[in-house]
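For the sequence shown, the residue numbers in mature numbering (1 follows the signal peptide of the UniProt record, and there is no 0) are -26 to -1, 1 to 398.
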Amino acid sequence: MSRRFHLALAGSLFACVSMMPHTALAQEGDEILGLPTSRDELSDRLTEAGMSAAGVEAIIKVARDGIVLDTKAADEAALAPGFSKVGGLPDLPKNIEWPVRPAYDGAETLAAQFTADAVTFYGDAGIAPPWMPETEGKAFLAERKRARDEAMAATLKIMKDSGAEVNEDELAEEMTLPADVAIKAATEQRLLADAVTKPFPLPFIAQVDLAAMANEPGFDKALPTNGRLLFFYDMPVLPASYEPRGKAGWKVIYDDTPVADLERKPLPKALADFPGTASLKAAAITPRSVVTTVPIGDAGWDVVGEISGDDTSIYSGWLFSLGFPIEAEGGNHQLGGWPRAIQSGMQATSQLASNGVYVGDGKAFETEEGKRLLAGAKDWHLVLQIGTDDATGYPFPGALYVLMREEDLAARNFDKAWVVYEQD
């Protein structure tokens, strides 16, 4: 969820402990082969995995063309206006300003959450927050020490009971956040507490030259064949995709302005001055055509139709061979096709949250309104996927998925896009 991801951004050791790579879920010895480049290759790989002929046919029938967006660090000055890239600066029409989001709905609650995170970081380092009165600060540290001692005692017991070697000094050090890391992280949290209450420029994530991509064999025919797609997203805040108010935190722009009328917008001062990650280095995109397959665990699975339980189980395991958009090997960005989902339910989340329904606790799925809306979840189509990428100078520990209803995509209503963030 986005809150855990935000803690990872800030550098909390406790947050990082819980973030094991998704590939740990794969069986030992699994080989990551990536997406197939043809339906024949897909058929061969599914057959080799053990699926029946009927199961293979069912998966191939609903496979979608897509384009992997490989990247390489680039000198942005050498990139032509409108060129496909992740990070850097956007090329927009001269009359369109850099997108700025408004204050979030319920900003006071969000601000309180970020402030609480700041307090946690100080506590993890054994430091009283500097804004706390002295008496309150001492009480805070005493309570944190008590909780930390209890956690350490429980951890030591588990380790000793399992026969593991125990070094109490090393464990104590691992459970203490370095002061410099804590102060830096807490400072960012407090700045975010302020930022959510006022307008703030949205960081630029990527732009894709659709006209150039349309010449690729893997181009998803649901997408426009001209113009450009630009994606902005509130990286510092990481708005929760399961909350309707999250929509303020992104902007998807479809622009078909002639290249001669574009200009490269300068980085807003608020983003340049932000101490955390609020901008990405430019990485030029090279397209690579692939065939994508439907993920399990979302509304899209319904299109597969009748498939045996054995085939479903084999296919579920086979999906690990595709890799996830958080792999160090790259190939984590994608235009169109089916998403390489890290979790499940992105279509359902998009359908409910975009219709003003909170999805964070799962209760919406049991309501009459929720059940009614979920009938349309299958209509959400992947437009763009952005994952881990060292070339941008900041490797996301998760992935962003831009989705749109097929009817909105056909009508080019890109303002109705929904963005889902997933991480392991």
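Virtual Cβ for every residue (Gly too), placed ideally from N, Cα, C. Small disclaimer: the values here were computed from a predicted structure and weren't measured.
- In this chain, the alpha helix (DSSP H) harbouring ARG346 covers 342 to 348.
- In the structure shown, THR89 falls within a helical segment according to DSSP collapsed to helix, strand and coil.
- Rounded to the nearest angstrom, the gap between the Cα atoms of LYS345 and ILE281 is 24 Å.
- The segment 143 to 162 and the segment 186 to 198 do not touch, with fewer than 3 CB-CB distances between them shorter than 8 Å.
- DSSP lists ALA47 and VAL60 as the beta-bridge partner residues of ALA257.
- Counting only residues of its own chain and dropping the five nearest sequence neighbours on each side, GLY97 has a CB closer than 6 Å to the CB of ARG118.
- Distance check between GLY29 and each of ASP284, LEU377 and PHE298 places ASP284 closest, using alpha-carbon atoms only.
- If you ignore the 5 residues before and after GLY310, its C-beta comes within less than 6 Å of the C-beta of GLY40, ASP194 and LEU197, all in its own chain and listed in chain order.
- When the Cα atoms are used, ALA315 and MET187 turn out to be separated by approximately 23 Å.
- By a beta-carbon distance limit of 8 Å, SER287 does not contact VAL394. Their separation comes to about 26 Å.
- When the five nearest sequence neighbours on each side are left out, no beta carbon in the same chain lies closer than 8 Å to the beta carbon of GLU340.
- Just measuring C-alpha positions, the residue of ASP79, THR83 and ALA153 sitting nearest GLY100 is ALA153.
- Here LYS239 has LEU63, PRO64, LEU66 and TRP72 as same chain residues with Cβ atoms under 7 Å from its own Cβ, once five neighbours each way along the sequence are excluded.
- Excluding its 5 nearest sequence neighbours in each direction, LYS390 has C-beta neighbours in its own chain below 8 Å: SER328, MET378, ARG379 and ASP382, listed in chain order.
- In this chain, the alpha helix (DSSP H) harbouring ASP14 covers 13 to 23.
- With 16 or more other CB atoms across the displayed protein chains lying within 10 angstroms of its CB, THR94 is buried.
- With a 10 Å radius around the Cβ and a threshold of 16 neighbouring Cβ atoms, ALA258 comes out buried.
- If the five residues before and after ASN200 are omitted, its C-beta is found closer than 8 Å to the C-beta atoms of LEU184, ALA185, ALA188 and ASP230, all from its own chain and listed in chain order.
- The closest CA to that of GLN181, considering only ASP123, TYR207 and ALA169, is found on TYR207.
- As DSSP reads the structure, ARG238 sits in a beta bridge with ASP65.
- For the pair PHE174 and LEU254, the Cα-to-Cα distance works out to about 17 Å.
- Residue environment: VAL226 is assigned as buried (16 or more neighbouring CB atoms within 10 Å of its CB, all protein chains considered).
- Of the residues GLU144, ALA138, ALA160 and ARG38, the one whose Cα lies closest to the Cα of GLN87 is ALA160.
- Taking VAL140 as the centre and dropping the five residues before and after it, the same chain places the C-beta of LEU130, MET133 and LYS134 closer than 8 Å to its C-beta, in chain order.
- C-alpha of GLN317 to C-alpha of TYR375: approximately 12 Å in a straight line.
- Exposure of ALA52 is indicated by the presence of fewer than 16 other C-beta atoms within 10 angstroms of its C-beta.
- Judged by DSSP in its simplified three-state form, ARG262 adopts strand.
- The C-beta of ASN69 has fewer than 16 other C-beta atoms within 10 Å across all chains shown, which makes the residue exposed.
- For VAL277, the closest C-alpha among the options HIS355, TYR332, ASP335 and PHE248 is that of HIS355.
- Non-local beta-carbon contacts of GLU217 in its own chain, meaning distances under 7 Å to residues more than five positions away in sequence, involve ALA327, TYR332 and GLY334 in chain order.
- Taking a C-beta distance under 7 Å as the contact criterion, THR266 and ARG19 do not qualify as a contact pair.
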